[in-house]
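What follows is a short report on a single structure.
In this note's numbering, the protein residues as written are 960 to 1082.
What follows is the structure in structure tokens.
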């Protein structure tokens, strides 16, 4: 089992990672961040992506979809932003947020690695 700090270090080690955060989407607060910088304020990203998650959950409810969100991908000109909703023990209401540089990242591998990090995370 990995704690928040270890899990974020593993996320930051993903090829092309710019920054990562563990976020509580009930409050919009980042429980931990790594990376980022002047061009990517991870606390602002945590709060903003909380709105994205809430909107998608509401849309699914209104559509009557009886399924779970694995992840949400936002593709920008130079970056991928991955939001992985956590479903393992003690992680309900949390998501992992990962920003990747498109020129250096392998999106499929990043998704695979986030899934592995989720399985090992114990909050």
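Ideal placement from N, C-alpha and C gives every residue a C-beta, glycine not left out.
Here the structure is a predicted model, which means the values were calculated and not measured.
Problem set entry | Complete alpha helix (DSSP H) runs within the region 976–1031 (minimum length 4 residues, chain order) | Those alpha helix (DSSP H) runs which fall completely within the region 976–1031 and span 4+ residues are 1001–1022.
Exercise. With a Cβ-Cβ cutoff of 8 Å, do residue 1039 and residue 1066 count as a contact?
Worked result: yes
Problem set entry | Distance CB(residue 1056)-CB(residue 971) smaller than 8 Å | no
Problem set entry | residue 961 (DSSP reduced to helix, strand or coil) | strand
For this session: Answer with buried or exposed for residue 1043, where buried requires no fewer than 16 other C-beta atoms within 10 angstroms of its C-beta.
Result: buried
Exercise. For residue 1045, which three-state DSSP category applies?
Worked result: Looking at residue 1045 - three-state DSSP - the assignment turns out to be coil, as it is neither helix nor strand.
Problem set entry | Opening and closing residue of the beta strand (DSSP E) in which residue 1058 lies | Looking at the DSSP string, the run of the beta strand (DSSP E) that includes residue 1058 is 1053–1060.
Exercise. With DSSP run on the structure shown, which of helix, strand or coil describes residue 1080?
Worked result: strand
Problem set entry | Paired residues, beta bridge with residue 973 - DSSP | Looking at the DSSP assignment, residue 973 forms no beta bridge with any residue, so it has no partner.
Problem set entry | 8 Å Cβ cutoff met for residue 988 and residue 1079 | no
Exercise. Buried or exposed: residue 932, going by 16 or more other Cβ atoms within 10 Å of its Cβ?
Worked result: Only positions 960 to 1082 of the chain appear in the structure, and residue 932 is not among them; the question remains open.
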